[in-house]
Amino acid sequence: MNLPNKITISRILLIPVFLIILLVDFSWGEMTLLGVTLPTAHFIGALIFILASTTDWIDGYYARKYNLVTDLGKFLDPLADKLLVSAALIVLVDFGLAPAWITIAIIAREFAVTGLRLVLAGGGEVVAANMLGKIKTWAQIVAISALLLHNMIFELISLPLDDIALWVALIFTVWSGWDYFAKNKQVFVSSK
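Residue numbering for the sequence shown follows my numbering, beginning at 1267 and increasing consecutively.
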């Protein structure tokens, strides 16, 4: 269990904290900041989400810099991202801040790619995230953060960054999912 894997596990452990902050009624009221009034719990939840998301960059940086890339890390890192993003999107649907159909499309892609990774792992092949997958992850992080913060800052200039970012995240999610399956189609051809 090296440092990058411990950082990845810390991201997974932040998910229940994130959910508790958002879903338990602590009666913290609302706050107004940079042109937006939002529940204080949403602001704190956004900070926790951003902190957890930042660990994705940190664990990858340490793994590459110190040559600590492991098969466990290649498996855990995208799994942690999927769990965090799925939890956040489901909460956003519950709050009425994200459309259910976009959330379903994103989560369905995550399940499909995870299933593909498991099939490949069964054959002894571990697939690390590619550049499209990384862009997809960061697009999702930006969209979820903007939605949790109720489009803070950008509301001042009437730019719906939260909605734009969610559409960009959806596009990259579908595109990267298609790419994973296209590059690994031999799994389906050889299973006849």
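For glycine and all other residues, C-beta sits at the position ideal for the given N, C-alpha and C.
Would you list the residues sitting across from residue i in a DSSP beta bridge?
i: LEU1299; result: VAL1302
For a quick check, are the C-beta atoms of residue i and residue j less than 8 Å apart?
i: GLN1406; j: ALA1448; result: no
i: THR1336; j: ASN1268; result: yes
i: PRO1305; j: GLU1296; result: yes
i: ALA1354; j: ILE1410; result: yes
i: TYR1446; j: LEU1382; result: yes
i: LEU1413; j: LEU1363; result: yes
i: VAL1453; j: LEU1398; result: no
i: LEU1432; j: ILE1368; result: yes
i: LEU1300; j: LEU1422; result: yes
Sorted by chain position, which residues of the same chain lie with C-beta nearer than 7 Å to residue i's C-beta, five sequence neighbours on each side aside?
i: ILE1278; result: ALA1346, LEU1349
i: ALA1307; result: ILE1287, LEU1288, PHE1292, TRP1294
i: SER1352; result: ILE1373, GLU1376
i: SER1276; result: THR1321
i: PRO1426; result: ASN1417
i: VAL1408; result: ALA1431
i: VAL1359; result: ALA1366, THR1369
Among the residues of its own chain, which have a CB less than 6 Å from the CB of residue i, if the five just before and after it don't count?
i: ARG1375; result: THR1439, GLY1443
i: VAL1324; result: According to the sequence provided, residue 1324 is Ile. The question's Val does not apply to it. Only ILE1273 meet the Cβ criterion.
i: VAL1302; result: HIS1416, MET1418, GLU1421
Under 8 Å by Cβ, that's how I've got residue i and residue j pegged, so tell me the actual separation to the nearest angstrom.
i: GLY1254; j: ASN1271; result: Any answer about residue 1254 is impossible in this case: the structure gives the chain only from 1267 up to 1458.
i: PHE1315; j: PHE1284; result: 6 Å
i: LEU1415; j: ALA1312; result: 5 Å
For the alpha helix (DSSP H) that contains residue i, what are its first and last residues?
i: ASP1429; result: 1427-1449
i: ALA1378; result: 1366-1388
i: PHE1454; result: 1452-1455
i: SER1276; result: 1269-1289
i: THR1403; result: 1397-1414
i: LEU1350; result: 1337-1360
Please go through the same chain and pick out, in chain order, the residues whose beta-carbon is closer than 8 Å to the beta-carbon of residue i, but skip the five residues on each side of it.
i: LEU1317; result: LEU1280
i: TRP1441; result: LEU1398, LYS1402
i: ALA1378; result: GLY1443, PHE1447
i: THR1371; result: The question names Thr, yet the displayed sequence has Ala at residue 1371. Cβ neighbours of ALA1371 beyond the five flanking positions: LEU1436, THR1439, VAL1440.
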